[in-house]
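Data block below; observations after.
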Amino acid sequence: MDYLISVITIAGIHIIMALSFYLPFMTGQISLGQAGFMSIGAYAASVCSVKFGLPYVPAVLIGGVCAAVVGFILGLPALRIKGIYLLLLTLGFGEIVRVVFINIDYIGAAAGFPGIPYQEHTLLYAYGVVLILIVLLNRLRKSRMGRAFQAVGSDENAAEVIGVNITAVKLIAFSSGAFIAGIGGGIFAHYQEYIEPLMFDVMHAVEFIVFTIFGGIQIFWGPIFGAFVLTLVPEFLRVIQGWRMELYGALLIIMMIVRPQGIVSLDSVQSIENAIRRMFGNSTAAVLSSGQPEGK
Amino acid sequence: MIFQQIINGLMLGATYSLVAIGYTLIFGVLGILHFAHGEVLMVGAFMGLYIIVWSGLPLYIALPLAMLATGVLGVLIDLLAIRPLRKDFHLAPLLSTIGVTIILQNLAVKFFGGFGTRFPDVIGATNYQMGSFFINSVNILILGISLFLMIGLYFFIAKTKIGKGMRAVSESHLIAGYLGVNVDWIVLITFGIASALAGAAGVMIGLSFHAISPFIGLTFALKGLVVMLLGGLGNVAGAMIGGLILGLAEVLSIVILPTEINLQDIFSFGIMILILIFKPTGLFGTRFPQG
Amino acid sequence: MILEIKNIIKYFNGFCALTNVELEVQENTLHAIIGPNGAGKTTLFNLISGMYAATQGEIAFRNLSINGLKPHQRAKLGISRTFQIVRLFGQMSVLENVMLGSHCKTRAGLLRTFFRVSLKELEEEKNTRQNAMRWLEFVGIAHKADQIAVNLPHAEQRLVEIARALSQDPDLLLFDEPAAGMNPKETEDLESLIVKVNQMGKTVLLIEHNMDLVMGISHVISVLNFGAKIAEGKPSEIQENPDVVEAYLGKKR
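Quick mapping for you: the protein sequence lines, in order, are chains W, F and S.
Numbering of the first sequence is given in our numbering, commencing with residue 441 and proceeding in unit increments.
Numbering of the second sequence is given in our numbering, commencing with residue 21 and proceeding in unit increments.
Numbering of the third sequence is given in our numbering, commencing with residue 750 and proceeding in unit increments.
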């Protein structure tokens, strides 16, 4: 039972990380740096808890803010850089963060940062954050900014000509993604009680991308689904435990060949929403789709 | 002393160039970033290792064999992970090659162990003295082989029919197809050649560092990427020169910077970020070699 | 005079796309820009909408120089456009595409979206939706509002693009080859649509290759060739102009 809870908790943290990747992704920015932002949040939150004795929530929030600030700074040059170039930039960023942290003795350097106060209600906090994110992202979906995000991700030059301030949109998306990653890092640190730079390397950044790509890129339920399933399933198929990473790799390849948009598609979510509407009436569905009934 | 470092830098740079050329070749011809290229290099290194250790074959046979093995691996990657992809999702090849990377690296750890393995000293390292400097026979060999391969490749692209096909495909898949070029075949060959070069680089790395591990893939992949950016995406000559520049820069930076700061690893990242921000087309522009 | 283009020169890496182009567009007119392929017409549109910066020269909108302004700022001023190849946001619905037109006129940012401070945001969203539907009805495809944009046939996608441009509530509309790829019936409908738009008080700048369309509805025609303006005037004048004929058909042998 304890084991199940711990797996579900980690899944929750993974969901947060997948969503942190998804936000900039919506605007066409593919970031391999979310693990780097996670580590900034993790270390900042841990320093607040351990060295300054701050309580949990402020510490985690500060972690998020630190990550957001760095995200903003990185986001500025990232504005002009697209596609693989951005991927490389964020990759380089993630690695630099890792190496920098390896060299800072104050936070333990390569030996890691131990003694982080354990948060026994991590499960609640993690899924609390997930819930908040679901509500926010759902509101975003049917809003002016949500459309702007999608437009920028679809064709940013056309979006700009239409009147969208793509600079602002991309920066907001990137910094928000960093913030969410930082929060995830803070929660993670207080669950593991010990962190080290290697926990936040490129491979982990890649994992978060796999969650999203597998789960579905058309709507935010995709990353949630992907993170949850890909965290849980390997735990229960003991037989494949040792081959988890190879399977992730194979999964990426297969998904790209067979269903590049991911498992969860926009259509499937809308069908589910319509079904709920039919079952429970308009008001419930209205709550689900942020207060606006889908009129025809 | 400085001259010694320069030689070291050039040698290091030559291996970087070999890696980068593979990247830039694939990028030039296919327009994709072959994320798994570094892993192919790693496999090449281990292939070389095992061929030498098990069969006792001399280097001049073991190297081509290793190159052949990685060339085949490259072809397999193309057939299984690239060719079946749909053309409409522009991220698909990148993500697919990320998948290949994960698979290769984790399999390697399973087969070869997670620790470094000593690469056999196949060549008796004789030191030659030139004036007051020492130059190692290993250095000469590596530089020589690398240069040979690079120049060979350059002429291959510039002068042969297949090379012409590669140049055509690098301009436009569609138009090359209309002109009668078998695009799939060219892509296959490109993957094969690039991967063979990576294999050679892997063996060179084993020779010069005396030890290899399943993790060198990522390290050299990143270095190769930086060089590719430095030299200009798709620019083969640029990759050659860029590699030498990076090798020199890295070696000299160790000399110049204080030793407490272990910055060598991120030195290349710093360069990469600077290039991306200020001159994404690289020092030499993004032109594929012309005829 | 709603738009003035003064001595515009545009170089692309040594290739001169536009040389000393001067243009005056009067308010409420339907002003066509024609010329052989490669004459620089789309480049001109790109300069007006802000996608490129001119190498030299000035563009003034309502006597205000817009040279340094970014595209979204120009959209806010009242300039909108359609593209030579339809650029809809393919995976979004028709309605959502058109609703984006209102982006530059509305204000709800991220915080207001998340925290619903007042009812104003919901009100604004409703208005945006109604505005979008209105323009979809205007162009005649309101019945396809919920379809995914990329699934529509080409001519209808073009109409969505026009609706989107209209929902920006612009004063100046740039149409880049809107009739491209349309059959005669669709072109006829498009023709009356453009005239209707112009009659609503909007200024229309039109790039087109379909001469019947151009001659039929334009008030003024400017002719570009090899990046320079070679003629300007009423349709009847342009048709007679030997330079224009030569530009399109080549020198008489």
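Glycine included, every Cβ here is placed at the ideal spot set by N, Cα and C.
Relative to T792/S, the option among H968/S, M931/S, E926/S, Q988/S whose CA is nearest is E926/S. Nearest CB-CB separation between L849/S and chain W: below the 8 angstroms threshold. At a cut-off of 8 angstroms between C-beta atoms, F887/S does not count as an interface residue with respect to chain W. Excluding the 5 residues flanking it on each side, G839/S has same chain C-beta neighbours closer than 8 angstroms at I897, A898, V899, in chain order. Per the C-alpha coordinates, the member of G689/W, F651/W, A484/W, E686/W positioned closest to T671/W is F651/W. Across the set A188/F, P234/F, L100/F, the C-alpha of P234/F shows the shortest separation from the C-alpha of L61/F.
Closer than 8 angstroms to the CB of M585/W there is not a single CB belonging to chain F. What S594/W touches in chain S, judged by beta-carbon distance under 8 angstroms, is F838, G839, Q840, M841, going in chain order. Chain-order list of chain F residues neighbouring I697/W: P104, L105, by C-beta distance under 7 angstroms. When DSSP states are grouped into helix, strand and coil, A788/S belongs to the coil group. At least one CB of chain F lies nearer than 8 angstroms to the CB of V646/W. Approximately 6 angstroms separates the beta-carbon atoms of A857/S and E873/S; this is inside 8 angstroms, confirming the contact.
The stretch 605 to 612 of chain W makes contact with the stretch 585 to 592 of chain W: 3 or more CB pairs, one atom from each, lie closer than 8 angstroms.
Between G858/S and chain W, the shortest Cβ-Cβ separation is below 8 angstroms. Pairing N543/W with V509/W, the inter-Cα distance amounts to about 21 angstroms. Around the beta carbon of S829/S, 16 or more other beta carbons lie within 10 angstroms, which makes this residue buried. Secondary structure of I620/W (DSSP, three-state): helix.
Our two residues, K755/S and I782/S, have alpha carbons roughly 16 angstroms apart in a direct line. Closer than 8 angstroms to the CB of L514/W there is not a single CB belonging to chain S. Not flagged as an interface residue toward chain F: L638/W, since no C-beta distance is shorter than 8 angstroms. The DSSP-derived three-state label of S829/S is strand. Neighbours of L296/F in chain W, taken as residues at a C-beta separation under 7 angstroms, are given in chain order as I521, Y525, L528, L529. Non-local beta-carbon contacts of F761/S in its own chain, meaning distances under 6 angstroms to residues more than five positions away in sequence, are absent.
Closer than 9 angstroms at the C-beta level to chain W, one finds these residues of the stretch 869 to 899 of chain S: E870, L871, E873, E874, K875, T877, R878, A894, D895, I897.
Rounded to whole angstroms, L444/W and V673/W show a C-alpha spacing of 12 angstroms.
At least one C-beta of chain W is nearer than 8 angstroms to the C-beta of V120/F. With a beta-carbon spacing of about 48 angstroms, P637/W and F720/W fall beyond the 8 angstroms limit used to define contacts. For Q805/S, the secondary structure class from DSSP, reduced to helix, strand or coil, is strand.
The C-beta distance from L779/S to I966/S rounds to 6 angstroms, short enough to fall under 8 angstroms. Taking C-beta separations shorter than 7 angstroms and ignoring five residues to either side along the sequence, the partners of F614/W in its chain run P464, Q469, G511, G515, A518, following chain order.
Taking the C-beta atoms as reference points, I612/W is found no nearer than 8 angstroms to L871/S.
Counted as a single uninterrupted DSSP element, the alpha helix (DSSP H) harbouring D961/S occupies residues 960 to 966. In summary, F533/W is buried, with 16 or more beta-carbon neighbours lying within 10 Å of its beta-carbon over all protein chains present. The beta carbon of F289/F sits closer than 8 angstroms to some beta carbon of chain W. Shortest Cα-Cα distance from Y496/W to any of F668/W, I627/W, I659/W involves I627/W. Counting other Cβ atoms within 10 Å of its Cβ, H821/S reaches 16 or more and is therefore classed as buried.
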